[in-house]
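32 is the number that our numbering gives to position 32 of the sequence shown; each next residue is one higher, with no gaps. Cβ coordinates follow ideal geometry from the N, Cα and C atoms, glycine included. These figures come from a predicted structure and were not determined experimentally. Reading through the structure tokens given below for one structure.
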Amino acid sequence: MFARHFLSSVFPEIIFRINTSEKVLYLTFDDGPTEITHWVLDELKKHNARATFFCIGDNIEKNSSLYHKIIEQSHSVGNHTMHHLNGWKTGTKKYLDDVAECNSVLNSFQQQTTNNKQQTFLFRPPYGRITPSQYFSVKKNHRIVMWDVLSRDYDKNFSSQKCLERVITKSKPGSVIVFHDSIKAEKNLHYVLPGVLEYFSERNFSFNSLPN
1 MFARHFLSSV FPEIIFRINT SEKVLYLTFD DGPTEITHWV LDELKKHNAR
51 ATFFCIGDNI EKNSSLYHKI IEQSHSVGNH TMHHLNGWKT GTKKYLDDVA
101 ECNSVLNSFQ QQTTNNKQQT FLFRPPYGRI TPSQYFSVKK NHRIVMWDVL
151 SRDYDKNFSS QKCLERVITK SKPGSVIVFH DSIKAEKNLH YVLPGVLEYF
201 SERNFSFNSL PN
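Take a look at the structure:
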């Protein structure tokens, strides 16, 4: 909590949640696309839910058909670097080159699907770790998105039930919630995502993608 408040005060342009009183949540998925993404898309479709996928460029190239499906189903996409780099452990030039490479992949594949030539502007740093010099460079052409609810679906020490309870108790209107469409998170995600969609749908929440 302190870290989020500190970052938002130092870097006020970072998005942690959307300021709204409407009953809407922003589901986001990191680290895909992978074989898990197909199941995620089917679950979202059951609830007419839109989400945002922060994609790794290397995974887009390996799973291009899944990336096309994300776009075709009207979800939004964002840059999660080309090779899932930890900003705290990566020099600025290497980091920015990796971000630029992912942008090229995102836009290339998006144009193939939609003929949309608009650059992708959403960006989430892997692990939420980015240095000040990286931040000031990236923010020139991107909206940097963090989160206010982390599901911890990737954490082997978190049970599926605990992950679900965490998301339900911490979410509020405008929350940006992080899941992972990755093999590592598969076990928890298969339990948590349907539970979240059902719980909040029953309470008349909608699920929107983040705007570029």
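From the DSSP output, read off the bridge partner residues of Gly78.
-> DSSP lists Phe54 as partners of Gly78.
Would you be able to state if there are at least three C-beta pairs under 8 Å between the stretch 31–46 and the stretch 193–201?
-> Short answer: they touch.
Nearest residue (CA-CA) to His180, options Ser76, Thr28 and Val167 = Closest by C-alpha distance to His180, out of Ser76, Thr28 and Val167, is Thr28.
Which first and last residues belong to the beta strand (DSSP E) in which Tyr127 is found?
-> Element bounds for Tyr127: n/a, residue is neither H nor E.
Using the DSSP secondary-structure output, state which residues sit across from Tyr26 in a beta bridge.
-> Bridge partners of Tyr26: Val176.
Straight-line CA distance for Ser108 to Ser133?
-> Whole-angstrom Cα-Cα distance: 27 Å.
Go ahead and label Tyr26 buried or exposed: buried means 16 or more other beta carbons lie within 10 angstroms of its beta carbon, across all protein chains shown.
-> Tyr26 should be labelled buried.
Below 8 Å, can you find three or more Cβ-Cβ pairs linking the stretch 165–182 to the stretch 83–90?
-> Too few Cβ pairs lie closer than 8 Å, so no.
Segment contact, 8 Å Cβ cut-off, at least three pairs: the stretch 149–165 with the stretch 183–190 = The stretch 149–165, when compared against the stretch 183–190, does touch it at the 8 Å Cβ threshold.
Span of the alpha helix (DSSP H), counted from its first residue to its last, around Leu41 = Its alpha helix (DSSP H) spans residues Glu35 to Lys46.
Could you name the residues of the same chain whose beta carbon sits closer than 7 Å to that of Ser171, not counting the 5 residues immediately before and after it, in chain order?
-> Excluding the 5 residues flanking it on each side, Ser171 has same chain C-beta neighbours closer than 7 Å at Leu25, Val149 and Ile177, in chain order.
Report yes if the C-beta distance between Thr52 and His75 is below 9 Å; otherwise report no.
-> In contact: Thr52 and His75 (Cβ atoms closer than 9 Å).
Going by Cα to Cα distance, which pick from Ile15, Gly57 and Lys69 is closest to Arg50?
-> Ranking Ile15, Gly57 and Lys69 by Cα distance to Arg50 puts Lys69 first.
Tell me, please, which residues DSSP counts as bridged to Ser206.
-> Ser206 is bridged to Val24.
Is Arg152 helix, strand or coil by DSSP?
-> Here DSSP, grouped into helix, strand and coil, assigns Arg152 to coil.
Could you pull the start and end residues of the alpha helix (DSSP H) that His83 belongs to?
-> Boundaries cannot be given for His83, as no alpha helix (DSSP H) includes it and DSSP labels it neither H nor E.
Cα-Cα separation, Ile15 to Ser209 | Looking at the two C-alpha atoms, the distance is approximately 13 Å.
Hey, quick one: how far does the alpha helix (DSSP H) through Ile70 stretch, first residue to last?
-> Here the alpha helix (DSSP H) through Ile70 covers Ser64 to Glu72.
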